[in-house]
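Before any comments, here is the structure.
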Amino acid sequence: MARALSKLVRHALRTHGCGCESLTVSVRSISFSPRQVTSDAGFHSVSFSETDHPKVLITGGLGQLGVGLAKMLRRQFGKNNVILSDIRKPPSDVYHNGPFIYSDILDYKNLREIVVNNRITWLVHYSALLSAVGEANVSLARDVNITGLHNILDIAAEHGLRLFVPSTIGAFGPSSPRNPTPDLCIQRPRTIYGVSKVHAELMGEYYHHRYGLDFRCLRYPGIISADSQPGGGTTDYAVQIFHDAVKTGKFECNLRPDTRLPMMYITDCLRATLEMMEAPAEVLSMRTYNINAMSFTPEELAHELQKLLPGLQVTYHIDPVRQAIADSWPMNFDDSNARKDWGWKHDYDLPELVQTMLNFIGSDSRIASAN
Ligand code: AKB
Numbered sequence: 006m007a008r009a010l011s012k013l014v015r016h017a018l019r020t021h022g023c024g025c026e027s028l029t030v031s032v033r034s035i036s037f038s039p040r041q042v043t044s045d046a047g048f049h050s051v052s053f054s055e056t057d058h059p060k061v062l063i064t065g066g067l068g069q070l071g072v073g074l075a076k077m078l079r080r081q082f083g084k085n086n087v088i089l090s091d092i093r094k095p096p097s098d099v100y101h102n103g104p105f106i107y108s109d110i111l112d113y114k115n116l117r118e119i120v121v122n123n124r125i126t127w128l129v130h131y132s133a134l135l136s137a138v139g140e141a142n143v144s145l146a147r148d149v150n151i152t153g154l155h156n157i158l159d160i161a162a163e164h165g166l167r168l169f170v171p172s173t174i175g176a177f178g179p180s181s182p183r184n185p186t187p188d189l190c191i192q193r194p195r196t197i198y199g200v201s202k203v204h205a206e207l208m209g210e211y212y213h214h215r216y217g218l219d220f221r222c223l224r225y226p227g228i229i230s231a232d233s234q235p236g237g238g239t240t241d242y243a244v245q246i247f248h249d250a251v252k253t254g255k256f257e258c259n260l261r262p263d264t265r266l267p268m269m270y271i272t273d274c275l276r277a278t279l280e281m282m283e284a285p286a287e288v289l290s291m292r293t294y295n296i297n298a299m300s301f302t303p304e305e306l307a308h309e310l311q312k313l314l315p316g317l318q319v320t321y322h323i324d325p326v327r328q329a330i331a332d333s334w335p336m337n338f339d340d341s342n343a344r345k346d347w348g349w350k351h352d353y354d355l356p357e358l359v360q361t362m363l364n365f366i367g368s369d370s371r372i373a374s375a376n
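Under this note's numbering, residues 6 to 376 are what the sequence shown spells out, in order.
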C-alpha cells in the first residue's frame, strides 16, 4: 500500500500541475508583512480602478483547472491580462496561448517579484496537493498547502490583491452533517488536505477581518473535466471512467458502488469562480461558500453512461484509503447561501454532464485514431 501510494505521489508530481515539486522553503527577505502593520492600514482599497481589467496571476496553473480558467478569463479581460504560472514546463499549446511564467509558491521573493513586475491585481491560488496524494506525502502537502498559502496571503495583503483560494468538500469530516452539509457546521476533516483547506478558509477570513484582504473562497465539489486530468484526488474516478469507457469499454472503480459525493462539470466550476470574483463586496455575507451542481454514486454514473455506451462493464476494486476519505465527506452539499447572495446557478446536471464528456472524449479519440 505504502509503495503504491508513493508511486501515486510521484505520478501526480510528474503529470499534474500542483506547483509542488520544488521543496525549498525560502528564507524571506521582506521589508514588512501584514503581521507588522495595524488593522487600519488601508488594505481595503484595491489597487486598480474599477473600470480597468484586472491583471490576474494563476498559481498551480498546469493542474486540472488553471488552463481552462485562463482561457475563460482571457476571453473576458484580454490575453495579456491573465498570467498562468507553475513550476513545470508548459505544453507548447499552453505556452503559445498566452503569458506563462515560472513561479514557485514556496519562494516568497519570486512570487513578490511576479506580482510587482506584472502589476497583478487578482490572484487565483490553485497550487495544492489533493486528498489521496496528500495522505501519501503529508510533509509535502503541509509545505505546499499551508506554507505556500502563508506566502500567498502575505503577498496578497501587502499588494492589495483580490485573492481567490478554492476550498473543497474535503474541508468537512465524519462529524460534519453529511446530507446535506451547510456552509457553517462542524469541520473536523481527517486528511491533511482537509486540514489545510480549513486552515486556508480561516486564515483568509482572518486576514479579511484583520487587514481588509479581499479574500474569496468557494468550496468545490469533485470537478469533472474532459481535456485536463485531476491528480491524486478521491473524486478522480468520476473523470477516469469516461476515458476508460471510450478507450476500452471497461472501468475498474476504486470506490464502493454506493459512495455518494457532490460533483460539478468544469464549465460550471470556472464560471462560479469568475462570478464569485466579480461579485460586489456588499452582496457577500460570507467569504467562503459551498457551491454544488449534482450528487451521484459510481453506480448511478455508470448507469447514466451505459445509456449511451450499453457495452460498458464496470467492476469494483476498493482502495481503502480513498474509500475512508469519501466516507467522511459530504454526500450532498447545501449551496443555498451562494444562490441567495450572488446568484449562483449550475447549468449541468448528470445527463448533460455525461453527454458533454462523451462528446468531448469521443471526438478527441476519433481525431487521435485518424492521425
Ligand atoms: C479530491 O478528491 O481530493 C478533490 C476534492 C473533492 O477536493 N477532487
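By construction, the Cβ of each residue, glycine as well, lies at the ideal position given by its N, Cα and C atoms.
- Distance from the CA of Val-288 to the CA of Glu-309, rounded to the nearest whole angstrom, comes to 38 Å.
- The DSSP assignment places 127-130 as complete runs of the beta strand (DSSP E) inside the stretch 114-144, in order along the chain (cut-off: 3 residues).
- The ligand AKB has a heavy atom closer than 7 Å to the beta-carbon of Tyr-225.
- A distance below 7 Å between beta-carbons, with the five flanking residues on each side excluded, links Ser-180 to the following residues of its chain, in chain order: Ile-191 and Arg-193.
- Distances taken from the Cβ of Leu-135 to the heavy atoms of the ligand AKB include one shorter than 7 Å.
- Look at Tyr-294: its beta carbon is at least 7 Å from all of the heavy atoms in the ligand AKB.
- Fully contained in the stretch 266-326 are the following alpha helix (DSSP H) runs of length 4 or more, in chain order: 271-283 and 303-313.
- Residue pairing by DSSP places Thr-240 opposite no residue, since no beta bridge is assigned to it.
- The three-state secondary structure of Asp-249, taken from DSSP, is helix.
- Residue burial annotation: Val-121 is exposed, with fewer than 16 other C-beta atoms found within 10 angstroms of its C-beta.
- Counting only runs of 4+ residues, the alpha helix (DSSP H) found wholly inside the stretch 153-210 occupies 153-163, in chain order.
- If the five residues before and after His-58 are omitted, its C-beta is found closer than 7 Å to the C-beta atoms of Phe-82, Gly-83 and Asn-86, all from its own chain and listed in chain order.
- The closest heavy atom of the ligand AKB lies 7 Å or more from the beta carbon of Tyr-131.
- Look at Tyr-353 here: in three-state DSSP terms it is coil, with no helix or strand label.
- Straight through space, the alpha carbons of Asp-346 and Thr-361 are spaced by roughly 29 Å.
- Three or more beta-carbon pairs separated by less than 8 Å are not found between the stretch 329-346 and the stretch 304-319, which leaves the two stretches without contact.
- Judged by DSSP in its simplified three-state form, Lys-60 adopts coil rather than helix or strand.
- Judged by DSSP in its simplified three-state form, Ile-88 adopts strand.
- Counting C-beta pairs with one atom in each stretch, the stretch 168-186 and the stretch 222-232 have three or more that are closer than 8 Å, which means they touch.
- One thing to note: Val-203 has its Cβ no nearer than 8 Å to the Cβ of Phe-169.
- DSSP places Leu-223 in no alpha helix (DSSP H) but in the uninterrupted beta strand (DSSP E) bounded by 219-225.
- Relative to the Cα of Ala-298, the nearest Cα in the group Ser-144, Thr-272 and Leu-313 belongs to Thr-272.
- The beta-carbon distance between Ile-157 and Ile-110, rounded to whole angstroms, is 6 Å. This is short enough to meet the 8 Å contact definition.
- Here the alpha carbons of Gly-236 and Gly-68 stand approximately 8 Å from one another.
- Judged by the Cβ position, Gly-238 qualifies as a neighbour of the ligand AKB at the 7 Å threshold, a heavy atom of the ligand being closer than this.
- Ile-228 sits in a strand when the DSSP states are folded into three classes.
- When DSSP states are grouped into helix, strand and coil, Lys-76 belongs to the helix group.
- If you check the CB distance, Asn-342 and Tyr-294 come in under 8 Å.
- Note on geometry: alpha-carbon atoms of Pro-96 and Tyr-107 lie some 13 Å from one another.
- Judged by DSSP secondary structure, Lys-255 falls within the beta strand (DSSP E) whose first and last residues are 255-258.
- Tyr-107 is bridged by DSSP to Asp-91.
- A distance below 7 Å between beta-carbons, with the five flanking residues on each side excluded, links Pro-187 to the following residues of its chain, in chain order: Asp-339.
- One Cα belongs to Gly-66, the other to Ser-90, and the distance between them is close to 5 Å.
- With a threshold of 7 Å, the Cβ atom of Ile-271 does not count as near the ligand AKB, since no heavy atom of the ligand is closer than that.
- Not one heavy atom of the ligand AKB lies closer than 7 Å to the C-beta of Tyr-107.
- Taking one beta carbon from each stretch, the stretch 310-326 and the stretch 255-274 have 3 or more pairs nearer than 8 Å; the two touch.
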